[in-house]
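Below: the structure, in structure tokens.
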Amino acid sequence: MAQTRRGDGQTALVTGASAGIGVDLAECFASDGYNVILVARTESALRDVADRLAKTFAITATPIAADLGAIGGGQRLADEITKRGLSVDVVVNNAGYGMAGAFNGSDAAEQLGMIDLNDRALVELTHVYWPAMMANGRGGVLNVASTAAFQPGPLMAIYYASKAFVLSFSEALWEEARGTGVKVSCLCPGPTVSKFRERAGTGKTRLSKAGTPMPTMIVARMGYDAWQANQRVAVTGFRNRFTASLVPFLPRRVLLRIVRNLQSPI
Ligand SMILES: NC(=O)c1ccc[n+]([C@@H]2O[C@H](COP(=O)([O-])OP(=O)(O)OC[C@H]3O[C@@H](n4cnc5c(N)ncnc54)[C@H](OP(=O)(O)O)[C@@H]3O)[C@@H](O)[C@H]2O)c1
Numbered sequence: 010m011a012q013t014r015r016g017d018g019q020t021a022l023v024t025g026a027s028a029g030i031g032v033d034l035a036e037c038f039a040s041d042g043y044n045v046i047l048v049a050r051t052e053s054a055l056r057d058v059a060d061r062l063a064k065t066f067a068i069t070a071t072p073i074a075a076d077l078g079a080i081g082g083g084q085r086l087a088d089e090i091t092k093r094g095l096s097v098d099v100v101v102n103n104a105g106y107g108m109a110g111a112f113n114g115s116d117a118a119e120q121l122g123m124i125d126l127n128d129r130a131l132v133e134l135t136h137v138y139w140p141a142m143m144a145n146g147r148g149g150v151l152n153v154a155s156t157a158a159f160q161p162g163p164l165m166a167i168y169y170a171s172k173a174f175v176l177s178f179s180e181a182l183w184e185e186a187r188g189t190g191v192k193v194s195c196l197c198p199g200p201t202v203s204k205f206r207e208r209a210g211t212g213k214t215r216l217s218k219a220g221t222p223m224p225t226m227i228v229a230r231m232g233y234d235a236w237q238a239n240q241r242v243a244v245t246g247f248r249n250r251f252t253a254s255l256v257p258f259l260p261r262r263v264l265l266r267i268v269r270n271l272q273s274p275i
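If you count the sequence shown from 1, you need to add 9 to reach our numbering.
This is how it looks when you write it as structure tokens:
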């Protein structure tokens, strides 16, 4: 008789699953038997990931191309999922992007787009699936924030603020779900090897030269394990955890200077 796996019969919706951390988060769920719904804008890449995961782990993997940055994109995706007769037990809100540079002179659409994707779509999807999770007392939400969530980020202000929102929202939901069986975790990666840096334009900052980025699978595995353990917050790597733990003890002005310095081009 085939062995049962932790995720058998359940489905995880993973956003940003065409590249980077999202691909490996989807793999973590698939390897434990969860069916996966994979979402991003690039359909061909999603299809490749879906084919690989379905074959390797004998699960159902459904790619759905969608722009979650578009207003109402989360609800449209949920409608499409319903139309296909699929259900969602776990929401993995991973899709996101950053944009480096001073707020002065920045492109308004790019700045507001970060809020739309990193925060608005994340809330929208969580809001759709949360009531059933709470009613059934199972499943949950894994949100991907960043170590940027722990302090303001001069020269990358909106990205840092958008991730502070994700951390705050996730921790509040964790408390609201306490004792229900619904699990909530906020994964806070530090620099990780992915296309993120390319899009964010952070490749030439002091911060980018300050350490070695972590591989995506190590980051994803930490997030997955944290979610399974209902760990409220997971910061990847000792160095990132240590730095984040110092933040509350630093005078705010000093902290702001340090972050500005790290976000400055070399
Ligand atoms: N890499 C890092 O250093 C780092 C550090 C801390 C936190 N994070 C966070 O980790 C998460 C994943 O980032 P990553 O490093 O894996 O970056 P990535 O390689 O750039 O992947 C981003 C994913 O999001 C998808 N995406 C982007 N815009 C989208 C949209 N409008 N609608 C739907 N999907 C969209 C991308 O696919 P398409 O382009 O095909 O849509 C891709 O699958 C993000 O939330 C990021 O803020 C990353």
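By construction, the Cβ of each residue, glycine as well, lies at the ideal position given by its N, Cα and C atoms.
All figures in this text were calculated on a predicted structure; none of them were measured in a lab.
- Put simply, of I275, V263 and A186 the residue whose alpha carbon is nearest the alpha carbon of A144 is A186.
- Collapsing the DSSP output to three states places L264 in a helix.
- The residues D41 and G42, in chain order, have a CB closer than 7 angstroms to that of R15 in the same chain once the five nearest residues on each side in sequence are set aside.
- Counting along the chain, the unbroken alpha helix (DSSP H) around K92 starts and ends at G82 to K92.
- Non-local beta-carbon contacts of L55 in its own chain, meaning distances under 7 angstroms to residues more than five positions away in sequence, involve A26, S27, L47, A49, P72 and A74 in chain order.
- Here the alpha carbons of Q160 and R269 stand approximately 11 angstroms from one another.
- Shown here for S171: same chain residues with a beta carbon closer than 7 angstroms to its own, the five before and five after excluded, namely M123, I124, N127 and D128 in chain order.
- For L62, the CB contacts under 7 angstroms within the same chain, skipping 5 residues up- and downstream, are A35, E36, A39, V45, I68 and A70 in chain order.
- Per DSSP, P222 has no beta bridge partner at all.
- Sequence-distant partners of V137 (beyond 5 residues in either direction) whose C-beta falls short of 6 angstroms from its own C-beta, in its chain, are A87.
- DSSP places L134 within a helical segment (H, G or I) once states are collapsed to three.
- Nearest C-alpha to R206 among R262, M223 and N249: M223.
- As computed with DSSP, S194 is found in a beta bridge with L151.
- Cβ-Cβ separation between G107 and T13: approximately 40 angstroms, too far for a contact (criterion under 8 angstroms).
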